[in-house]
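Here the structure is laid out as structure tokens; the discussion comes afterwards.
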Amino acid sequence: MKVLERADGRRDKGSATVATAITFPVVGLLFLALAQAVMVSVARDVAQAAAEEGLRVARARQGSFAGGRAAAASFARDEPILEAPDVTVSGANTITVRVVGRAPSLLPGVNIGVSQTVRGARERFTTPGPT
């Protein structure tokens, strides 16, 4: 086995092991952080899509708050990335749908909340006035 010598005469025996022992946990932590960021991003996208679906149903001419809440909750429950979804619908002329939940966590005991809100005018049909 050949041991490399540095220019000043000292040997580098075992330096690769030490470098690996320091680098590997850092790379692993960065990978986990990236995976966690992706999970949070996808959970936000699901909450946004669920809120938009609830708004679409609630603001329709024959729509209701209960229908919008049910549509948003159904959409959110169908996607397992958003945990414990909760939906609120409110408003009179402007309908507001808010979806709140949690993103899955790679670390036990860490809860990352996700919340998305959308607003839109209630659809109503009018007759043309005199010209």
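For the sequence shown, our numbering begins at 1 and goes up steadily by one.
For every residue, glycine included, the Cβ atom is placed at its ideal position computed from N, Cα and C.
* To do: Please determine, among Ala49, Asn111, Arg124, Phe24, the residue with the shortest C-alpha to C-alpha distance to Ser74.
  => The residue you call residue 74 lines up with position 74 of the sequence shown. Closest option to Ser74, Cα to Cα, is Ala49.
* To do: Could you check if Ile95 is buried or exposed, using at least 16 other CB atoms within 10 Å of its CB as the buried criterion?
  => Counting from 1 along the sequence shown, the entry for residue 95 is found at position 95. Burial call: buried.
* Asked: Got a sec? Which residues, its chain only, sit under 7 Å from Leu55 by beta carbon, not counting five neighbours each side?
  -> Position 55 of the sequence shown, counting from 1, holds the residue named residue 55. Answer for Leu55: Gly68, Ile95, Val97, Val118, Gly120, listed in chain order.
* Go ahead and pull the three-state DSSP assignment for Gln116. => Taking the sequence shown and counting its residues from 1, one reaches residue 116 at position 116. In this structure, Gln116 counts as strand in the three-state DSSP scheme.
* Might you give, ordered along the chain, the residues of its own chain that have their beta carbon closer than 6 Å to the beta carbon of Ala71, omitting 5 neighbours on each side? => As a working mapping, residue 71 is identified with position 71 in the sequence shown. These residues qualify, in order along the chain: Glu53, Gly54, Val57.
* Asked: Nearest to Val87 by CA position, among Gln36, Ala47, Ala16, is which residue?
  -> Here residue 87 refers to the residue found at position 87 of the sequence shown. Closest by alpha carbon: Ala47.
* Can you list, in chain order, the residues of its chain whose CB lies under 7 Å from that of Phe65, leaving out five sequence neighbours each side? -> The residue given as residue 65 occupies position 65 in the sequence shown. So the qualifying residues of the chain are Ala58, Val89.
* Identified DSSP bridge partners for Gly101 -> If you number the sequence shown from 1, residue 101 lands on position 101. Beta-bridge pairing links Gly101 to Val114.
* Asked: Pro104 and Glu83: beta carbons closer than 8 Å?
  -> The count along the sequence shown starts at 1 and reaches residue 104 at position 104. The count along the sequence shown starts at 1 and reaches residue 83 at position 83. In this structure, Glu83 lies closer than 8 Å to Pro104 by Cβ.
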